[in-house]
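Counting in the UniProt record's numbering, the sequence shown runs from 1 upward without gaps. The beta-carbon is built from N, C-alpha and C at its ideal position, and this holds for glycine as well. None of these values were measured; they are calculated from a predicted model. Scroll down for the structure; my scribbles are underneath it.
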Amino acid sequence: WGSCCYGRGGFGADFTQNSLLAKYRPDLLHLPTTNGEHCTGDGIKMGEARVPCSKRSAAAQATYSSCLSEYLFLGCVHGQQEIGAKTIDLEWVQVHPTGLVKPDDADAKIKFLAAEALRGVGGIILNAEGKRFCNELGRRDYVTGEMWKSKPPFRLCLNKAASDEIIWHCKHYTGRGVMKFYGSGADLAKDMGVPLSVIEQAHEEHFQAAKKTETDPDGGPYPAYPSGKCWDEASGKTGSGKKFFHNIIPGDAVKNEPFYVAIITPVIHYCMGGLLVDTDSACVGTSNTAIPGLYAAGEVAGGVHGNNRLGGNSLLDCVVFGRVAGKAAAKYMLGADMKDVDLREITGGGLTGAVESSKLAGGSYEDKMNSSAPAAAAAAPAAGGGGGGGITLADVAKHNTKTDCWVVVDGQVLDVTSFLSEHPGGELAILTFAGKDATEEFNMIHPPDVIGKYAPDSVVGMIGGGGGGGGVAAAAGGGGGGGGGIPLTEVAKHNTKTDCWVVVDGQVLDVTSFLSDHPGGELAILTFAGKDATEEFNMIHPPDVIGKYAPDSVIGAVGSGVAAAAPSAAPKASGPIRKDTGSKLGNHQAWGHLDGAPNWRVDLDENPGVLLINVKSYFNATWFLLLAVLYEVCATIFSAKNIKISNDRLGLTRSAILLILFIVIHAVGNLHVFKGPDDFNGYGYFYVRLYWTGFGLPANIVEEYILLSVLLHVFVGLKRTWDMKLALVQSQGVSVLNLAISGLMLLTFMTIHLFQFRFGDTDQFGPYYIRPPPYLINFWGISSLNLFWTKDASIEPVGVRDIYALEFQIFKNPLWSFFYIFSVFIFMYHACVGWKKVTPVLGIPRGHIWRVELIGYAIMIVMGLVYISFPLYVMATTPFS
C-alpha cells in the first residue's frame with residue numbers, strides 16, 4: 001500500500017478541556033493565540049491512534065482524514081493493529097511576547113502577531129508606567145518572562161526612523177486597528193496617562209547606553225545577551241542586557257517625535273512538540289523504528305526546534321522537512337524507479353524579476369516577482385470592448401460573509417464560499433478579505449498559478465466599472481453602459497458629520513460610517529467633506545487602501561451626471577459560466593437583484609416568511625444561549641485559574657452567568673409576596689430546610705455558592721479595572737469605568753439589602769406559623785401554586801421568620817423604596833452593558849450574537865420590572881391579615 005505524508009499544524013488554538021494544551025500546558029489556557037482555529041492537534045492525535053482492527057469502521061472513518069484512515073485500515077489488513085507513532089516535547093509551547101491587541105476587541109482569543117522586525121528596527125517596549133524593563137532583542141521566552149514580572153498594558157513604540165524603515169508594516173497594522181499613530185511623544189504620554197518626563201527618561205537612558213556601547217562595547221557593568229557586558233541598566237538588571245541598538249533618539253527629542261505604537265500581550269505562537277520523526281521525516285513508532293510509509297512535516301513534526309523555535313524558521317522547517325518527507329515517500333513507493341527532478345523546471349524557471357524593497361507603504365518586497373502574471377490579469381479588465389463592464393468593487397463588497405464570500409485577486413473576482421473549509425491556512429485567512437481586494441497579501445505567499453491549478457471554477461468574472469459593454473476603459477470614458485457619474489455639485493451637498501462624501505481619484509466615497517474608525521481621527525476627513533481630497537489623500541496613503549479597508553464606501557464615479565450612450569456592440573461574457581452547485585445561494589445572481597433592496601437569498605436566515613418576525617432564527621438563538629448558559633453555570637468556579645485572583649475574564653464571565661441565573665430564580669421566588677404571608681414565608685423557610693447542605697453553617701449550599709460567585713465577580717472585576725481600565729481614563733474618558741462604578745454601587749446596595757432582609761430583625765413580629773410540606777415541595781399544591789405550605793392538619797405547624805411583615809415594614813418607607821427602585825435601575829444598566837461584553841465569548845454562532853444580545857436585554861429589563869413591582873405593590877396595598 002502507498003505512503004502517507006502528513007502536514008498539519010500544532011495544537012495552539014485548542015482550548016477545550018480534552019485538548020493537548022490542557023493536558024500538557026494547562027497554565028497557558030488563559031492566553032490568546034496567533035494560531036488559526038484549525039490548529040487543534042488533530043495530526044498528533046491521529047498519529048498516536050491505537051485502534052483495534054475490529055473497530056476500524058467506526059473509529060477511522062469517523063475520526064481520521066481519508067489518507068490516514070486508509071493507512072490505518074491497510075495496516076489492519078497487513079496485521080498492524082495500531083499506528084502508535086511516538087510524540088516528543090509536547091510540553092514545549094512557545095509564548096510570543098508581541099501579540100497585537102485590538103483596543104476595541106481586547107479580549108479576542110485570536111490575535112495578530114507583530115513581526116519580529118518591529119523590535120529589530122529599534123522598537124522599544126514600555127510598561128504601564130512608561131518604563132523599559134527588558135532587552136527588546138532577547139529571546140521570545142525571555143521577553144515574555146520579563147513581561148510577566150512587569151505591569152501591563154505593554155506598548156511597543158517605534159520612533160520615526162524606526163517606523164520609516166518598515167513603514168509598510170506600520171501602515172498594515174494601523175489599517176487593521178492594532179497599531180496607532182501619535183503625532184508626538186507628548187500625545188503618547190497623554191494617552192498612556194504617564195508623565196512625559198518618564199518616557200523621556202526611558203529614551204535618554206537607552207540613548208546613553210547605546211552611545212557608551214559604541215565607545216566601549218564590553219565595558220558595561222551588566223551581563224549582556226548573548227555574551228559580554230552591556231551599559232543598558234533596564235535590561236542589564238535582568239541578566240540579559242542589550243548590546244545592539246538601532247534608530248535611537250535622545251530623551252529631549254521624545255516630546256515632538258512621531259511614534260507608531262501597538263499594545264502587545266504574550267500569545268501562544270508555536271508548538272515545538274509533535275510526532276517524533278527521523279532524518280527522513282518518517283514517524284517513529286513505539287519500537288523506536290520508523291513506521292513504514294508514514295511521514296510528517298511542518299508543526300506536526302516534533303523535536304525539530306528544541307524547547308524554543310527561533311524566529312524565521314517556520315516556513316523553513318515546512319519547506320525543508322516537506323521536501324525530505326516527499327522524497328522519502330516517493331522512494332518508499334517507487335524504490336529504484338524514483339528520479340530526482342529540478343525544482344526550476346517544475347516551476348517554469350522559478351521566480352522572475354528583481355527582489356527590491358518597496359518604496360510605498362502599500363507595496364511589498366515581492367512587488368516585482370512574477371510580475372508578468374498580475375500584468376496579464378490586469379490587461380483583461382483594462383482592454384476595451386466586451387467584458388460586460390466587469391464586476392464593480394461595490395458589488396464584490398456585498399459578498400462578505402462565510403456563506404457568501406467573494407474576493408479579488410489580480411483583477412479577478414473569485415467566489416470562494418465552497419473553498420473556505422478546504423483552505424490549508426484556515427477560513428479566517430480568507431474571511432479577513434471577504435468582499436475586498438486581497439491581491440497584495442495573496443501574492444506575497446502564493447505562486448502565480450495557484451488559482452488556475454486549484455480553484456479554476458471559483459473565478460466568476462473580472463473587476464470593472466459595471467454597466468454594459470466596453471470594459472473598464474469604455475465605462476470610464478462614458479462609452480459603455482451605466483450612468484454618467486455623480487457631479488461635484490452633488491458631492492458638495494454632503495459635507496457634514498452625519499452625511500459625509502469625499503472624492504478620491506475620481507471615485508465618490510460615502511465615509512459617514514467610517515469617520516469614527518479613521519486612525520487619523522474624524523477631523524482629517526471632515527476637512528475635505530464634500531470636496532476632492534485626492535492630492536492630500538495620495539500623499540499619505542498607499543494606492544490600494546480604499547479597496548482593502550473601505551471598498552463598500554465607494555458609491556460611484558465623478559461625472560457630469562448625464563447618462564452615457566448605449567454600447568455599440570453586444571457585451572461578451574466576462575468570465576466562465578459557473579455550474580449551479582446546488583447550495584441555497586448557488587444561483588442567486590440569476591434571480592436578479594435590485595440595488596438598495598435586500599437580496600432575499602442572501603438574507604434567507606432573516607426572512608420571516610408569513611410571520612412578523614423570524615421565529616426560527618430567534619428560536620435558534622435562544623437554543624444557543626441556553627447551551628452557553630448551561631455550560632458556564634456547570635463549569636465549576638473552583639478551577640485553578642479562578643482561585644488565582646488574576647485579571648483573566650473567565651472567572652468574571654462564569655460568575656456573571658451564575659449570578660444572572662440566581663437573580664432570575666430569586667425574582668420568580670419573590671413573586672410569592674403577591675400570594676400572601678403563607679407563600680412568602682414558606683418560600684423563605686424552604687431555604688432554611690436546606691441548611692444541612694451548608695457544611696455546618698447557618699446557610700445552605702446554594703447561598704454559599706452564590707456568595708463565592710459574588711466575591712469572585714467583585715475581586716476579578718476590581719482587578720481588571722485596576723490593571724486595565726484606570727490607565728485608559730485619561731485617553732478615553734470616565735466611560736471606560738461604567739461597569740466598575742455601577743458594580744460598586746450594586747455592591748453597596750447588596751450589602752445593605754442583605755442586612756435588611758437576610759439578617760433583618762424578624763423577632764419583633766414573633767414567629768409566623770405554617771405547615772411545611774413533608775417533601776420540601778407541596779406536590780399536591782402545584783396546580784394552585786401553593787408550593788411551600790400545606791393545609792394538611794396532620795402536619796405540626798412550625799414557627800418561621802416573618803419576612804413578609806419585614807418586607808412591608810421596610811417598603812412602606814418611601815425612602816427605602818426609592819433606594820431599592822434606583823438600585824434596580826443600576827442593576828439593569830450594569831447587566832445590559834455587561835451582557836453586551838460577554839455574549840461574543842459565550843461560543844454563540846456569530847450570526848446569532850445580536851439576537852442573543854436582544855434576548856439578554858429583554859431578560860434584564862423584565863427582571864428589573866419584576867423587582868420594581870415589589871416595593872410598588874407594598875406601597876399601594878395593605879398586608880394580608
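For Ile777 against Leu787, the beta-carbon gap comes to about 6 Å, under 8 Å, which counts as contact. Excluding its 5 nearest sequence neighbours in each direction, Arg689 has C-beta neighbours in its own chain below 8 Å: Pro772, Leu776, listed in chain order.
The beta carbon of Met875 sits closer than 8 Å to those of Phe811, Lys812, Pro814, Ser817, all from its chain and outside the five residues before and after it, given in chain order. One Cα belongs to Leu420, the other to His305, and the distance between them is close to 31 Å. Here the alpha carbons of Val267 and Ala301 stand approximately 21 Å from one another. The beta carbon of Met333 sits closer than 7 Å to the beta carbons of Gly2, Ser3 from its chain, once the five residues preceding and following it are set aside; these are given in chain order. DSSP places Gln507 in the uninterrupted beta strand (DSSP E) bounded by 507-510. If you draw a straight line from the Cα of Leu276 to the Cα of Glu422, it is about 27 Å long. Listed as beta-bridge partners of Gln94 by DSSP are Tyr270. If you look at Cys832, you'll find it in the alpha helix (DSSP H) that goes 814-838. Per the coordinates, the alpha-carbon of Gly461 lies some 21 Å from the alpha-carbon of Ile546. In the three-state reduction of the DSSP assignment, Ile167 falls in the helix class, which pools H, G and I. As the crow flies, the alpha-carbon of Phe880 is around 9 Å from that of Ala805.
In the three-state reduction of the DSSP assignment, Met333 falls in the helix class. The beta carbon of Lys109 lies closer than 6 Å to those of Pro32 in the same chain, with the five residues before and after it left out. Short of 8 Å from the beta carbon of Arg132, and not among the five residues preceding or following it, lie these beta carbons of its own chain, in chain order: Ile124, Ile125, Leu126, Ala202, Glu205, His206, Ala234, Ser235. In terms of Cα proximity to Ser516, the closest of Gly177, Val833, Val413 is Gly177.
Excluding residues up to 5 positions away in sequence, Gln94, Val95, His96, Pro97, His269, Asn308, Gly311 lie with their Cβ nearer than 8 Å to the Cβ of Arg140 in the same chain. The shortest C-alpha to C-alpha distance from Ala209 to any of Thr512, His518, Tyr222 is the one to Tyr222. The beta carbon of Ala492 lies closer than 8 Å to those of Gly530, Lys531 in the same chain, with the five residues before and after it left out. When DSSP assignments are scanned along the stretch 175-231, the uninterrupted stretches of beta strand (DSSP E) that are 3 or more residues long and fall wholly within it turn out to be 180-182. Along the UniProt domain "Cytochrome b5 heme-binding" (391-464), the beta strand (DSSP E) occurs as fully enclosed runs of 3 or more residues at 404-409, 412-415, 459-462, listed in sequence order. A straight-line Cα-Cα distance of about 38 Å links Thr16 and Val459. The C-alpha of Ala224 is placed about 22 Å away from the C-alpha of Leu156. In the pairwise beta carbon analysis, the stretch 832-843 is classified as not touching the stretch 728-735: fewer than three pairs are separated by under 8 Å.
If you look at Phe537, you'll find it in the alpha helix (DSSP H) that goes 534-540. Our two residues, Ala186 and Val254, have alpha carbons roughly 8 Å apart in a direct line.
Leu158 and Leu118 do touch by the CB rule: their CB atoms are close to 6 Å apart, below 8 Å. In the DSSP assignment, Ala262 forms a beta bridge with Leu156. Counting along the chain, the unbroken beta strand (DSSP E) around Tyr295 starts and ends at 290-297.
Sequence-distant Cβ neighbours of Val504 in its own chain, meaning closer than 7 Å and more than five residues away, are Ala533, Thr534, Phe537, Ile546.
Counted as a single uninterrupted DSSP element, the beta strand (DSSP E) harbouring Tyr769 occupies residues 768-770.
Judged by DSSP in its simplified three-state form, Thr144 adopts helix.
Closest by C-alpha distance to Ala455, out of Ile741, Ile849, Val409, is Val409.
With 16 or more other Cβ atoms from the protein chains shown falling within 10 Å of its own Cβ, Asn443 counts as buried.
When the beta-carbon positions are compared, Thr34 and Leu113 come within less than 7 Å of each other.
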